[in-house]
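S.K.: So the sequence shown is residues 29 to 170, counted in my numbering.
Glycine included, each C-beta is placed from N, C-alpha and C at the ideal position.
Would you mind keeping the following structure in view while I ask a few things?
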Amino acid sequence: PRVVLAPADLDGRSEVLYGAYLAGTALAVAGTGMHHKICHVLGGTYGLPHAQTHAVLLPYVALLLDGGLRAVAATLGAERAADGLRELAMRIGAPTSLREIGMRARDIAQAATLVVERVAVAEPTARRLLETAYEGRWEGAR
Numbered sequence: 029p030r031v032v033l034a035p036a037d038l039d040g041r042s043e044v045l046y047g048a049y050l051a052g053t054a055l056a057v058a059g060t061g062m063h064h065k066i067c068h069v070l071g072g073t074y075g076l077p078h079a080q081t082h083a084v085l086l087p088y089v090a091l092l093l094d095g096g097l098r099a100v101a102a103t104l105g106a107e108r109a110a111d112g113l114r115e116l117a118m119r120i121g122a123p124t125s126l127r128e129i130g131m132r133a134r135d136i137a138q139a140a141t142l143v144v145e146r147v148a149v150a151e152p153t154a155r156r157l158l159e160t161a162y163e164g165r166w167e168g169a170r
């Protein structure tokens, strides 16, 4: 995104603002999915920062949902959406691990249990996702 390279670029900032508006509108109309619900569990329970939690988890959740994200992959110029999202996060300097934003390793098991209560995902899958995101490992990368 050009606004990352040139924060004073008003056209770039306008595009980001418009994108945020569109995202908010989509959220209001469609509700939230797995990624957003997991982020709310972690943010609400462990006090993790909202935007950073989303930035960390989005590529990992995208790995689980990859088949349905072909348009996202194409937009990011990647074979898989998850890889494109991870690359974008790294390029703009976003955090890439839950540890980096304050999650504690000892809370992973409890977090997985809480996630399963709110999201249609198996506990082993939730735990694996959180463990991988905690470390910032990118097992999905080619």
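1) Whole-angstrom Cβ separation of Leu104 and Leu93, contact assumed at under 8 angstroms?
2) Under three-state DSSP, which class holds Val147?
3) On the CB-based measure, 16 or more other CB atoms within 10 Å of its CB, does Tyr46 come out buried or exposed?
4) State buried or exposed for Ala169, treating a residue as buried only when at least 16 other CB atoms are found within 10 Å of its CB.
5) Quick one: residues in its chain with C-beta nearer than 8 angstroms to the C-beta of Gly37, no 5 flanking neighbours on either side, listed in chain order?
6) Report all residues from its chain with a CB closer than 6 angstroms to the CB of Pro35; omit the five preceding and five following residues, and keep chain order.
7) May I ask you to report which of helix, strand or coil DSSP gives Glu167?
8) Comparing the C-beta of Met62 with each C-beta of chain B, is any distance below 8 angstroms?
9) Give the single residue among Gly121, Tyr74, Leu55 and Ala137 whose Cα lies nearest to the Cα of Thr160.
10) Along the alpha helix (DSSP H) that carries Arg98, what are the first and last residues, could you check?
11) In whole angstroms, what separates the C-alpha of Val143 from that of Val149?
12) Please say whether Thr53 and Cys67 have beta carbons closer to each other than 8 angstroms?
13) Closer than 7 angstroms by C-beta to Leu86: which residues in its own chain qualify, once you throw out the five before and the five after it? Chain order, please.
M.R.: Straight from the coordinates:
1) Here residue 104 refers to the residue found at position 76 of the sequence shown. Here residue 93 refers to the residue found at position 65 of the sequence shown. Wrong, their Cβ atoms sit about 14 angstroms apart, outside the cutoff.
2) Your numbering for residue 147 matches position 119 in the sequence shown. In this structure, Val147 counts as coil in the three-state DSSP scheme.
3) Numbered from its first residue, the sequence shown carries residue 46 at position 18. Tyr46 is exposed by the Cβ-count criterion.
4) Position 141 of the sequence shown holds residue 169. Caution applies to Ala169, whose pLDDT of 46 falls short of 50 and renders its modelled position unreliable; the model cannot decide the point.
5) Residue mapping note: residue 37 aligns to position 9 of the sequence shown, counting from 1. The sequence given here has Asp at residue 37, not Gly. Cβ within range, chain order: Arg30 and Val31.
6) By 1-based counting over the sequence shown, the position of residue 35 is 7. So no residue of the chain qualifies.
7) Counting from one through the sequence shown, the residue named residue 167 turns up at place 139. Of the three classes helix, strand and coil, the one that applies to Glu167 here is coil, per DSSP.
8) In summary, chain B is missing from the structure at hand, where a single protein chain is found.
9) Against the sequence shown, residue 160 aligns to sequence position 132. It is Ala137.
10) Start at 1 with the first residue of the sequence shown, and residue 98 comes out as number 70. Counting along the chain, the alpha helix (DSSP H) containing Arg98 begins and ends at Arg98 to Leu104.
11) Your numbering for residue 143 matches position 115 in the sequence shown. Your numbering for residue 149 matches position 121 in the sequence shown. Answer to the nearest angstrom: the Cα atoms are 8 angstroms apart.
12) Position 39 of the sequence shown, counting from 1, holds the residue named residue 67. Position 25 of the sequence shown, counting from 1, holds the residue named residue 53. Cβ distance not < 8 angstroms, so Cys67 and Thr53 don't count as in contact.
13) By one-based count along the sequence shown, residue 86 stands at place 58. Once the five neighbours on either side are set aside, the close Cβ partners of Leu86 are His63 and Leu113.
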